[in-house]
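Residue numbers (this note's numbering): 356 to 699.
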């Protein structure tokens, strides 16, 4: 089966390419993908270095494809105009070119950021969508394009994963892991007693494989994805501390004060934490996954297990990590958090 993965150089694209080893893969990304990043059996892998908004390049890549997994996205630390353009117009281009090329199935990787900062949990797929900030708003708009494509006869599955991590994931988690490795106190917004669901990247790849092969009528819709086993923020972090044999401990902070400070720092571009992160960090946050459970999907990893296995990968690789950037596979600059770090 010919599968096109947009965002093929990204964190999720890296893992999905390995999960789909044996298929004919096209890894489509604006970033170059070196040989060292290819799956072990790369004989049937084609690399296309092009913008997801480039319809000419998309037409060539999608010719004769049986599945497109649209995972390319601008991330929250990008400039607002670029986020909207890549996430909205990029999705529009993928859907319209897929229709032209008669691609039978499209899987769009969305986010639970489409639910904004909700007032109840768990969240269901038919809850209202109201994203926060350019990233969340662009994800909602992209899903609206997917719904319109469905109305016009396309088969489009939307997956809404919770924040997912795993080997190769850095970004804001690299900051957490640095502090744990150094035995520093870990500040949390509020008491840390709230339950906050995460997800492992391996469980996202199994969901893609499932919906790509299930009967179309069962999958032509949106699905939530999240870990089945998760405890409070404090409990999951303490499991990580214990595994790491780190003297780190939780430092609770007044939620209103912490959020006000982070909002000010974000406004002046001195914090890697954006509103949707700090706005939900002290609240319960989980989604109902019963819809995709009916298809047979079951996540393999708990919150604690995925934190631990991501930390273990980080520990084995932190000395060779690249300079700071704004993607999920590179460290993020701590900004003003570097000053706080000195006192932890």
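Quick reminder that beta carbons are idealized off the backbone N, C-alpha and C, glycines included.
Backbone secondary structure at residue i - three-state DSSP
i	result
residue 711	Look at the range of the chain in this structure, 356 to 699, and you will see that residue 711 is not part of it.
residue 489	helix
residue 414	helix
residue 548	coil
residue 564	helix
residue 681	Because the pLDDT of residue 681 is 39, which lies under 50, any placement of that residue in the model is unreliable, and the number read from its coordinates should be weighed accordingly. Coil, per DSSP.
residue 669	helix
residue 323	Lying outside 356 to 699, the shown extent of the chain, residue 323 is not represented and no answer is given.
residue 391	helix
residue 463	strand
residue 369	helix
residue 686	Its pLDDT being 48, under 50, residue 686 is placed unreliably by the model, and the measurement read from it follows with that caveat. In this structure, residue 686 counts as strand in the three-state DSSP scheme.
residue 346	What is shown of the chain runs 356 to 699, which leaves residue 346 out entirely.
residue 528	helix
residue 658	helix
residue 649	coil
residue 452	helix
residue 402	strand
residue 569	coil
residue 559	helix
residue 384	strand
residue 506	helix
residue 643	coil
residue 378	strand
residue 354	No statement about residue 354 is possible, as the shown extent of the chain runs from 356 to 699 and does not include it.
residue 577	strand
Identity of the residue in the options nearest residue i by Cα
i	options	result
residue 564	363, 365, 373, 618	373
residue 668	545, 524, 531	524
residue 363	641, 402, 553	402
residue 649	578, 674, 611	578
residue 404	414, 398, 410, 388	388
residue 602	476, 384, 533, 640	533
residue 407	444, 587, 371	444
residue 664	448, 521, 608	521
residue 600	475, 666, 371, 566	666
residue 535	674, 462, 670	670
residue 567	366, 371, 365	371
residue 412	529, 385, 500, 366	385
residue 645	580, 473, 475, 674	580
residue 416	383, 614, 624	383
residue 517	562, 500, 496, 537	562
residue 607	623, 624, 636, 586	636
6 Å CB neighbourhood of residue i in its chain, flanking five on each side removed
i	result
residue 584	657
residue 519	554, 556, 559
residue 504	450, 511
residue 628	617
residue 400	380, 393
residue 465	494, 498, 513, 515
residue 368	360, 362, 426
residue 682	Confidence in residue 682 is poor, its pLDDT being 43 and thus under 50, which makes the residue's placement unreliable; the coordinate value appears in the next sentence. Once the five neighbours on either side are set aside, residue 682 has no close Cβ partner at all.
residue 410	448, 452
residue 551	588, 640
Residues near residue i by beta carbon distance below 8 Å, same chain, minus five either side
i	result
residue 376	394, 395, 396
residue 589	543, 546, 547, 548, 605
residue 630	487, 488, 618, 621
residue 421	356, 357, 358, 458, 459, 460
residue 378	356, 357, 358, 399
Residues near residue i by beta carbon distance below 7 Å, same chain, minus five either side
i	result
residue 439	489, 493
residue 418	456
residue 317	Limits of the chain in this structure are 356 at one end and 699 at the other, which puts residue 317 out of reach.
residue 429	437, 438, 441, 442
residue 491	468, 469, 471, 631
residue 476	639, 640, 641
Residue i: CB within 6 Å of a non-hydrogen atom of the ligand FMN
i	result
residue 656	As far as ligands go, the structure on display features none, and thus does not contain the ligand FMN.
task = Indicate whether the contact test is met: 3 or more Cβ pairs, each with one atom in the region 654-663 and one in the region 580-597, closer than 8 Å.
result = yes
query = Mind pulling the alpha helix (DSSP H) runs of 4 or more residues that sit fully within the region 581-632?
reply = 588-599, 610-622
ask   = On the three-pair Cβ rule with 8 Å, is the region 500-511 touching the region 570-578?
value = yes
Sequence ranges, alpha helix (DSSP H) only - wholly within the region 414-447, length at least 4 = 435-439
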